[in-house]
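Protein chains: 2
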Amino acid sequence: MEENKDMVRTELDELGEFGLIDQLTQEFPLRNASSLKGVGDDAAVINHEGYRTLVSVDLLVEGIHFDMTYTPLKHLGYKAAVVNFSDIYAMNGTPTQIVVGLGVSNRYSVEALDELYAGIRLACENYHVDLVGGDTTSSQSGLVISITVIGMAKEEDVVYRSGAKPNDLLCVSGDLGGAYMGLLILEREKAEYLANPNMQPQLQGFDYVLERQLKPEARKDIVARFKELDIKPTSMIDISDGLASEVLHLCKESGVGCQLYEGKIPQDPSTVKIAKDFQIVPSVAALSGGEDYELLFTVDQKEYEKIQKMAEDVTVIGYMTADKGISELITPDNHVIPLKAQGWNHFDRSQK
Amino acid sequence: MEENKDMVRTELDELGEFGLIDQLTQEFPLRNASSLKGVGDDAAVINHEGYRTLVSVDLLVEGIHFDMTYTPLKHLGYKAAVVNFSDIYAMNGTPTQIVVGLGVSNRYSVEALDELYAGIRLACENYHVDLVGGDTTSSQSGLVISITVIGMAKEEDVVYRSGAKPNDLLCVSGDLGGAYMGLLILEREKAEYLANPNMQPQLQGFDYVLERQLKPEARKDIVARFKELDIKPTSMIDISDGLASEVLHLCKESGVGCQLYEGKIPQDPSTVKIAKDFQIVPSVAALSGGEDYELLFTVDQKEYEKIQKMAEDVTVIGYMTADKGISELITPDNHVIPLKAQGWNHFDRSQK
């Protein structure tokens, strides 16, 4: 399932725990001067002299966050790393190191884990991040990936969720809803494959949304542009659960309200088309879909001209208000409806 | 199983992901000045100005690292945190923050997770560590706990595995083999309970080894004494896999050999008695048993007098040699046998 059957298969116990760690981590050169000691001691040693250290963890569980029937292991490794980097960019920081905890059953071969690590390695290369430690152990069921990312930012650069002020502009990078459409396409093809295993999956023409789902990127470029243009957002969060949920986080943490214009939500034409094919209102895919890993942020109105210079990558979708607890969606025909979070709730049994 | 049946049971989906995180993390005050921002943003923010940042991760998987039939959840939370702190002490540092990744199935109630977090909270109190972030998600099978610990040490204080020199004294804190004997007692009583569910477990008289297994402590006190006595070990590691495996790690990383005196290995009388009852050579429980979380370290011979001042807590068990690759065990009757690691290998199917 997770590999070509003709390929070599090496069982995990042929290497043992330390052999496996050596095998998986051998091709991870240290790229950051701050990574003083990587894999191979009780703890990694990092020098963030002059900077704040940022830390975030994500746990990915097979069958909950990914489905091995349609997730290539290399993509999975890449995505697991990148979604963590996204948390550091959302603080206006730079990811510098990761430690990886891996729980894996005997169902996986060494070659399969090599694929997973090839994806993690590519993400580390693309984002200039060092793998500096980890813990690899067995699991009685599926694959569990825990990635903790360490990042850094100058004290004065750190952006929290809590700094939005009334009248600040609410902005978002890129476009939204694509990752969720990609998931729906993959789920549909899986259902058809299970019903008829001889059928070939129909994935042509869906490249954009599939890439958004399977190989998302974190918005390193946006944070770099903030520095170039000397913009410091007043608050920021990355979009993992869906736009509505993230807007409500910013409002709650900042003690403000907001007016969000549904018609301003940026969406790719292919996302809109596929949503319609699934009979989903396209904006709902953006508001509730999740996993887009774009940056949602607020800036003072006086930064409007600078934000215009980022117009290719950033859209103003609303503004913050002094009405704490009141967050509203303004529809294209000027109806005002309360904004509600309907992001993923992994614990809700009714969704299973 | 994990709780009293008369107790209130709240299902996880009654709270939802964010409600659950709020519930579990509400009673974690921040104790360290370096913890600038804890739970509630995309990443925690830490100020380790003037210090090196140390990072380590451990992943604990139900059925592999713990057995819910005999592990109280509060103890499990305590141990999961403490074994991570131990990795930071093994670098001669001080743990300051943790982030907790939790994968949990619907089999667990909110009250059960409260118990787990009560253990994590107690460990944080006892070791003056802040919980600053986490990720809570569901799991299709058992409980998965991923703890990443962040610590700090002055640049000149960090002790690696790689600094041991020929003629350095090899020392260990506390006593060894107890945690493994505790595990054997628990496994025996579980087997008897499964054979006859009406039987009461016979755990009287085994308090010491059971506590070593279920509620280990990290040797914060030893690292504090090093500072008081102005001792800097040349190399150090904590004993998680068994003495033999850890000695070989120090030898390999430092490029030295060693002579380890079997008769010098410190063991509690109850460990020795129980080992004999199980027909196990007591020193083998220390060499291969694991999970004692004592500190194994080397010091220059000129520190011998200072080490004598720690004689109540520290035992000299051998010395390092220039014979790279040659690590030997000297038996009480002066036989010399090669030291071999037979610690746990979670991937070895023959042990299942």
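Protein sequence lines correspond, in order, to chains A and B.
Numbering-wise (our numbering), the first sequence opens with residue 79 and increments by one.
Numbering-wise (our numbering), the second sequence opens with residue 79 and increments by one.
Beta carbons: idealized from backbone N, C-alpha and C, even for Gly.
Only a predicted model underlies this, so the values are computations on that prediction, with no experimental measurement involved.
Check: Exposure label - Gly155 of chain A; buried when at least 16 CB within 10 Å; Outcome: buried
Check: Thr376 of chain B: first and last residue of the uninterrupted beta strand (DSSP E) it sits in; Outcome: 373-377
Check: Backbone secondary structure at Glu340 of chain A - three-state DSSP; Outcome: helix
Check: Buried versus exposed, by CB contacts within 10 Å (16 or more), Ala400 of chain B; Outcome: exposed
Check: Start-to-end residues for the alpha helix (DSSP H) that takes in Met259 of chain A; Outcome: 256-273
Check: Val188 of chain A beta carbon less than 8 Å from that of Thr88 of chain A; Outcome: yes
Check: Counted within 10 angstroms of its Cβ, other Cβ atoms place Ala302 of chain A as buried (16 or more) or exposed; Outcome: exposed
Check: Residue span of the alpha helix (DSSP H) that contains Lys157 of chain A, given as start and end; Outcome: 151-167
Check: Span of the beta strand (DSSP E) around Arg130 of chain A; Outcome: 130-139
Check: Local Cβ density within 10 Å of Gly179 of chain A, reported as buried at 16 or more and exposed below that; Outcome: buried
Check: Complete runs of the beta strand (DSSP E) confined to the stretch 202-235 of chain A [at least 3 residues]; Outcome: 208-216, 222-231
Check: Residue-chain proximity (Glu372 of chain A, chain B), Cβ-Cβ < 8 Å; Outcome: no
Check: At least 3 beta-carbon pairs within less than 8 Å: the stretch 125-132 of chain A vs the stretch 202-222 of chain A; Outcome: no
Check: For Ala122 of chain B, three-class secondary structure by DSSP; Outcome: strand
Check: CA nearest to the CA of Ser323 of chain A, picked from A:Ile124, A:Ala121, A:Ala419, A:Glu95; Outcome: A:Ala419
Check: C-alpha gap between Met277 of chain A and Leu264 of chain A, whole angstroms; Outcome: 14 Å
Check: Chain B contact residues for Glu331 of chain A, given Cβ-Cβ distances below 9 Å; Outcome: Gly118, Asp119
Check: Euclidean distance between Cα positions of Lys351 of chain B and Ala364 of chain B; Outcome: 13 Å
Check: C-alpha gap between Lys342 of chain B and Lys384 of chain B, whole angstroms; Outcome: 19 Å
Check: Chain B contact residues for Lys115 of chain A, given Cβ-Cβ distances below 7 Å; Outcome: Tyr238
Check: 6 Å CB neighbourhood of Gly260 of chain B in its chain, flanking five on each side removed; Outcome: Val287, Leu288, Arg290, Gln291
Check: Contacting residues, own chain, Cβ-Cβ under 6 Å from Val222 of chain A (five flanking each side not counted); Outcome: Val139, Gly181
Check: Residue interval of the beta strand (DSSP E) (run including Ser112 of chain A); Outcome: Element bounds for Ser112 of chain A: n/a, residue is neither H nor E.
Check: Same chain, Cβ closer than 7 Å to Ala196 of chain B, five either side skipped, listed in chain order; Outcome: Lys152, Gly155
Check: Alpha-carbon spacing of Lys305 of chain B relative to Gln282 of chain B, whole angstroms; Outcome: 39 Å
Check: Any chain A beta carbon closer than 8 Å to Met398 of chain B; Outcome: no
Check: Cβ-based burial, Asn170 of chain B [other Cβ within 10 Å; buried from 16]; Outcome: buried
Check: C-alpha distance - Glu372 of chain A paired with Asp253 of chain A, whole-angstrom precision; Outcome: 8 Å
Check: Cβ-based neighbour list, Val123 of chain A, same chain, cut-off 6 Å, excluding 5 preceding and 5 following; Outcome: Leu114, Lys115
Check: Where Phe356 of chain B sits in the DSSP three-state scheme; Outcome: coil
Check: CB contact check: Ser366 of chain B to chain A, cutoff 8 Å; Outcome: no
Check: Chain B residues whose Cβ lies nearer than 7 Å to that of Ile99 of chain A; Outcome: Simply none; closest approach about 11 Å.
Check: Same chain only: Cβ atoms within 6 Å of Ile99 of chain A, ignoring 5 sequence neighbours per side; Outcome: Thr214
Check: Spatial distance of Tyr339 of chain A from Ile225 of chain A (CA atoms); Outcome: 35 Å
Check: C-alpha distance - Asp319 of chain B paired with Ala168 of chain B, whole-angstrom precision; Outcome: 14 Å
Check: Residue from A:Phe96, A:Arg239, A:Ala158 with nearest C-alpha to Asp316 of chain A; Outcome: A:Arg239
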